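Student: Have a look at this one before I ask anything.
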């Protein structure tokens, strides 16, 4: 069925679909970077070395925050933040 659909005229060219997808992703950049900043601040507030009540926090909560960073990490992939978040999630999972 797929090969039949591919051979039919009409539709969208692959290059046009890719360009549209890139524009769609780019439209998420600003909100994703804001989410990244907010999540990093929350990790520091809740789990930082001077965080009050840090002992009451769970590793599951830390894992969830780390996974939020992974969700938006594509926009800062050259910084290594996404890789650090994967390591943080692995550590939180192992500790849980």
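Residue numbers (my numbering): 885 to 980. Glycine included, each C-beta is placed from N, C-alpha and C at the ideal position. Keep in mind the model is a prediction, meaning the values are calculated, not measured.
According to DSSP, simplified to helix, strand and coil, what is residue 893?
Tutor: Looking at residue 893 - three-state DSSP - the assignment turns out to be coil, as it is neither helix nor strand.
Student: Give me the Cα-Cα distance between residue 955 and residue 971, rounded to the nearest whole angstrom.
Tutor: Roughly 14 Å between the two C-alpha positions.
Student: Return the chain-ordered list of same chain residues with a C-beta closer than 8 Å to the C-beta of residue 913, the five sequence neighbours on each side being excluded.
Tutor: Contacts found: 959.
Student: Tell me whether the region 913 to 931 and the region 941 to 957 touch, counting them as touching only if at least three CB pairs, one residue from each stretch, are closer than 8 Å.
Tutor: Touching, yes, given that three or more Cβ pairs across the two stretches are closer than 8 Å.
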